[in-house]
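If you're matching positions, the sequence shown starts at 33 in the numbering used here and goes up one per residue.
For glycine and all other residues, C-beta sits at the position ideal for the given N, C-alpha and C.
Working notes for the structure below.
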Amino acid sequence: MLNLVLFGPPGAGKGTQSDLIVEKYNLIHISTGDLLRAEIKAQTELGTIAAAKIEKGELVSDDIVIGMIKNKLAANLNAKGFIFDGFPRTTAQAEALDVLLKEVNMSVSCMLSLEVETPELLKRLLERGKVSGRADDQDESIIMNRMAAYNSSTLPVKEYYKAQGKQFEIQGVGSIQEIFESICAVVAP
Numbered sequence: 033m034l035n036l037v038l039f040g041p042p043g044a045g046k047g048t049q050s051d052l053i054v055e056k057y058n059l060i061h062i063s064t065g066d067l068l069r070a071e072i073k074a075q076t077e078l079g080t081i082a083a084a085k086i087e088k089g090e091l092v093s094d095d096i097v098i099g100m101i102k103n104k105l106a107a108n109l110n111a112k113g114f115i116f117d118g119f120p121r122t123t124a125q126a127e128a129l130d131v132l133l134k135e136v137n138m139s140v141s142c143m144l145s146l147e148v149e150t151p152e153l154l155k156r157l158l159e160r161g162k163v164s165g166r167a168d169d170q171d172e173s174i175i176m177n178r179m180a181a182y183n184s185s186t187l188p189v190k191e192y193y194k195a196q197g198k199q200f201e202i203q204g205v206g207s208i209q210e211i212f213e214s215i216c217a218v219v220a221p
């Protein structure tokens with residue numbers, strides 16, 4: 033079973049590459065944002081708890097997110113594998129994911145870390161903001177705050193997987209196809 037963690041800062045191209053990876057390898061895409069919205073819409077127990085936290089402006093706790101991932105795994109046990117997009121975001125989440133996967137006799141196959149320098153990320157996000165209308169991609173100070181949060185909270189996850197020999201850096205600059213070919217060279221050499 034192929035289980036990938038797609039990793040990188042905002043604007044690195046995770047969404048674009050995850051679509052290509054899902055199509056080529058027939059994996060189930062797990063995005064915590066999508067899971068949250070689906071659980072809330074379905075009014076599941078976890079969705080109801082998450083909605084209450086979101087309404088109060090609170091962060092949804094790791095145990096709720098892990099519970100949602102557990103539900104998604106359980107519903108797709110015959111899948112060829114999973115791609116975790118934007119998760120884990122902290123070392124604690126990475127550890128919890130390892131425990132969860134072990135419970136169902138799975139593990140993370142590898143972590144693909146899209147590497148892009150900050151000036152390029154800033155350029156991409158500002159451009160995306162013009163096209164998408166996303167307010168958080170139109171303000172340079174907000175973007176830089178997101179980058180700082182990524183560097184302090186999320187970047188350590190890279191070291192977690194590196195210590196396991198599962199972290200692979202992928203140059204995230206070039207054409208979409210060139211980046212995808214670099215990913216494929218790691219996933220299925």
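How should residue i be labelled, buried or exposed, when 16 other C-beta atoms within 10 angstroms of its C-beta is the threshold for buried?
{"i": "N177", "result": "exposed"}
{"i": "P188", "result": "exposed"}
{"i": "G165", "result": "exposed"}
{"i": "P41", "result": "buried"}
{"i": "A44", "result": "buried"}
{"i": "V148", "result": "buried"}
So, residue i versus residue j, is the Cβ gap smaller than 8 Å?
{"i": "I202", "j": "L144", "result": "yes"}
{"i": "G79", "j": "I86", "result": "no"}
{"i": "A128", "j": "I60", "result": "no"}
{"i": "E159", "j": "V205", "result": "no"}
{"i": "Y57", "j": "G113", "result": "yes"}
{"i": "Y192", "j": "T150", "result": "no"}
{"i": "L68", "j": "V92", "result": "yes"}
DSSP beta-bridge partners for residue i?
{"i": "E210", "result": "Its beta-bridge partners do not exist; DSSP assigns none."}
{"i": "F114", "result": "N35, I60"}
Starting from the C-beta of residue i, find all residues in its chain whose C-beta is less than 6 Å away, skip the five residues before and the five after it, and write them out in chain order.
{"i": "I53", "result": "I115"}
{"i": "L133", "result": "S139"}
Whose C-beta lies closer than 7 Å to the C-beta of residue i among residues of the same chain, with five residues either side of it excluded?
{"i": "S63", "result": "D117, G118"}
{"i": "I81", "result": "I96"}
| field | Those runs of the alpha helix (DSSP H) which lie wholly inside the stretch 36 to 110 and span at least 4 residues | value | 46 to 57, 64 to 73, 77 to 87, 94 to 106
| task | Let me know the beta strand (DSSP E) ranges lying completely inside the stretch 122 to 167, each 3 residues or longer, listed in chain order. | result | With a minimum length of 3 residues, the continuous beta strand (DSSP E) runs that stay inside the stretch 122 to 167 are 142 to 147.
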